[in-house]
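Asks: Each residue of the sequence shown is one higher than the one before, starting from 42 at the first, in the working numbering.
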Amino acid sequence: MLKEIDPEIDEIISADIKRQENTLNLIASENYASKATREACASWLTNKYAEGYPGARYYAGCEFCDEVEALAIARAKELFGAEYANVQPHSGTQANMAAYLAFLSPGDTIMGMDLACGGHLSHGSRVSFSGILYNVVTYGVCPKTHLVDLGKIRELAIAHKPRMIVCGASAYPRMIDFEGFRKIADEADCLLLADIAHIAGLIVGGVHPSPIESCHIITTTTHKTLRGPRGGMVLAKEKYGKLIDRAVFPGIQGGPLMHIIASKATCFKEALSCDFKEYAAQITKNANALAETFISLGFTLISGGTDNHLLLVDVSKEGLTGKEAEEMLYREGIVVNKNTIPYDQQPPSVTSGIRLGTPALTTRGMKEAEMEKIAYMIDSVLRKRQDVKDEVPALAKSFPIPE
Ligand code: PLP
Numbered sequence: 042m043l044k045e046i047d048p049e050i051d052e053i054i055s056a057d058i059k060r061q062e063n064t065l066n067l068i069a070s071e072n073y074a075s076k077a078t079r080e081a082c083a084s085w086l087t088n089k090y091a092e093g094y095p096g097a098r099y100y101a102g103c104e105f106c107d108e109v110e111a112l113a114i115a116r117a118k119e120l121f122g123a124e125y126a127n128v129q130p131h132s133g134t135q136a137n138m139a140a141y142l143a144f145l146s147p148g149d150t151i152m153g154m155d156l157a158c159g160g161h162l163s164h165g166s167r168v169s170f171s172g173i174l175y176n177v178v179t180y181g182v183c184p185k186t187h188l189v190d191l192g193k194i195r196e197l198a199i200a201h202k203p204r205m206i207v208c209g210a211s212a213y214p215r216m217i218d219f220e221g222f223r224k225i226a227d228e229a230d231c232l233l234l235a236d237i238a239h240i241a242g243l244i245v246g247g248v249h250p251s252p253i254e255s256c257h258i259i260t261t262t263t264h265k266t267l268r269g270p271r272g273g274m275v276l277a278k279e280k281y282g283k284l285i286d287r288a289v290f291p292g293i294q295g296g297p298l299m300h301i302i303a304s305k306a307t308c309f310k311e312a313l314s315c316d317f318k319e320y321a322a323q324i325t326k327n328a329n330a331l332a333e334t335f336i337s338l339g340f341t342l343i344s345g346g347t348d349n350h351l352l353l354v355d356v357s358k359e360g361l362t363g364k365e366a367e368e369m370l371y372r373e374g375i376v377v378n379k380n381t382i383p384y385d386q387q388p389p390s391v392t393s394g395i396r397l398g399t400p401a402l403t404t405r406g407m408k409e410a411e412m413e414k415i416a417y418m419i420d421s422v423l424r425k426r427q428d429v430k431d432e433v434p435a436l437a438k439s440f441p442i443p444e
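In structure tokens, the structure reads:
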């Protein structure tokens, strides 16, 4: 149908499907959503306005939207062991925006991880609403170990008395010590928000500690390791629910995307399965295999390795910028993103590092042996300046993207 009505768009989409099929996707924040979740995204629910919440809408005809949203909320709570869930945020950034609006006033102090050290734009970057509306104190990582230094964070929290500390990151290859952060938040008498956008799938899969007991508010995306549709969510204790609901709608959003909420519900159902636990465990095994092979080849990894789904390679040691490495690899069909490394001398548009993650290739069924192969391919491209044009499609073909 799309082909007939809008052949231009249909052709572009088909080209991107081919690109996805024929390349090796190591973007740490991406994944392949299942056919079931994609079907829900394309459903008739896109037609419906459902401002409000189940049982209290501002439009007629919301009885089935109520059922969908109630199911999504119930599954989210079961999946994460949470008392409260709001599944309406359109994205991870909007989940954070709603959480800030619920608990902060403009000008309040927040503490978040520096973008250059692995934090996200919405954790207080100057160019984001978060840095524009709030007074931001950033924390980094230890320049030598590249690890979060809770001692330093405690000193900053006591000196600056933030209203909220944000923990969680976009490019941090190690575990987040939620309990350690909570001790600091209690001492500084402030709220603790965990942004688990990257590691949500690892948490529900049991391969990363959960923030549910130690953090006041939890925000996430649903499309990274959780492998659902593009979207966001907020979790918390029931007592915070009213404030968060009001902040999401009418605070920062209008009508919820009911087709996406249906798809989130399906994603949560998939993540509740035993297969998903195996999947999450394999993501971390694969990241570890990739890291070990890189180390054996003499590459420099930020923090010396990984505990989760991602690794950061310092390519300045190979005489390259992150931008150059990203482009060289993409020409061969290996998709990574340039990424700042802690205390990077290069601007964010250039960088000294590349970030690699295993969620997408693990969805394709790849295991440790394939990770080793890929590390050798990357070595060939970046160091030996050899092409791997034949090897990439062959490997991609052997592991088709599952429906
Ligand atoms: N939080 C973290 C830690 C992220 O890594 C990201 C996205 O990369 C987000 C929030 C924002 O998600 P979105 O792109 O859906 O706004």
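Even glycine gets a Cβ: it sits at the ideal position worked out from N, Cα and C. All values reported here derive from a predicted model rather than from experimental measurement.
1) So for residue 235, helix, strand or coil by DSSP?
2) Can you tell which of 212, 64, 253 and 151 has its C-alpha closest to the C-alpha of residue 203?
3) Going by DSSP, name the residue or residues bridged to residue 395.
4) Are the CB atoms of residue 433 and residue 368 within a distance shorter than 9 Å?
5) Which parts of the region 223-301 are runs of the beta strand (DSSP E), unbroken and 3 residues or longer, counting only runs that do not cross its ends?
6) Apart from the five residues on each side of it in sequence, which residues of its chain come closer than 6 Å, Cβ to Cβ, to residue 273?
7) Where does residue 153 sit, in a helix, a strand or coil, going by DSSP?
8) I'd like to know whether the C-beta atoms of residue 380 and residue 362 end up nearer to each other than 9 Å.
9) What are the boundary residues of the beta strand (DSSP E) that residue 178 is part of?
10) Helix, strand or coil, according to DSSP, for residue 97 in the structure here?
11) Using a Cβ distance threshold of 8 Å, determine whether the region 286-295 contacts the region 67-86, with at least three qualifying pairs required.
12) On a CA-only basis, which of 370, 404 and 159 is nearest residue 427? Give me that one, please.
13) Strictly by DSSP, which residues pair up with residue 125?
14) Have a look at residue 153 and residue 295 and give me their C-alpha separation to the nearest angstrom.
15) Three Cβ pairs or more, each shorter than 8 Å: is that satisfied between the region 305-314 and the region 338-348?
16) Which two residues bound the contiguous alpha helix (DSSP H) that contains residue 54?
17) Please return the same chain residues whose Cβ sits closer than 8 Å to the Cβ of residue 79, not counting the five positions on each side in sequence.
18) Can you find a heavy atom of the ligand PLP that lies under 8 Å from the Cβ of residue 137?
19) Report, in whole angstroms, the separation of the C-beta atoms of residue 201 and residue 178, which I expect to be a contact under 8 Å.
20) From what residue to what residue does the alpha helix (DSSP H) around residue 138 run?
21) Where residue 314 and residue 275 are concerned, what is the direct C-alpha to C-alpha distance, given to the nearest angstrom?
22) Distance check for residue 163 and residue 355, CA to CA, integer angstroms please.
Replies: Well, looking at it:
1) In the structure shown, residue 235 adopts extended strand secondary structure according to DSSP, grouped into three states.
2) The shortest Cα separation from residue 203 among 212, 64, 253 and 151 belongs to 151.
3) 354 and 379.
4) The answer is no: Cβ separation not under 9 Å.
5) Along the region 223-301, the beta strand (DSSP E) occurs as fully enclosed runs of 3 or more residues at 232-236, 258-262 and 273-277, listed in sequence order.
6) Result list for residue 273: 130, 132, 133, 135, 136 and 262, in chain order.
7) Strand, per DSSP.
8) Against a cut-off of 9 Å, the Cβ pair of residue 362 and residue 380 comes out as no contact.
9) Residues 176-180.
10) In this structure, residue 97 counts as strand in the three-state DSSP scheme.
11) Contact between the region 286-295 and the region 67-86 is absent: fewer than three C-beta pairs spanning the two stretches fall below 8 Å.
12) Nearest C-alpha to residue 427: 370.
13) Per DSSP, 277.
14) Near 28 Å, if we compare the C-alpha coordinates of residue 295 and residue 153.
15) With a cut-off of 8 Å, the region 338-348 and the region 305-314 do not count as touching, because too few Cβ pairs lie within range.
16) Taken as a continuous stretch (DSSP letters only), the alpha helix (DSSP H) holding residue 54 covers 48-63.
17) For residue 79, where only same-chain residues beyond five positions count, the Cβ hits under 8 Å are 270 and 304.
18) Within 8 Å of the C-beta of residue 137 there is at least one heavy atom belonging to the ligand PLP.
19) A Cβ-Cβ separation of about 5 Å places residue 201 in contact with residue 178 under the 8 Å criterion.
20) Here the alpha helix (DSSP H) through residue 138 covers 133-144.
21) Approximately 22 Å between the Cα atoms of the pair.
22) About 24 Å.
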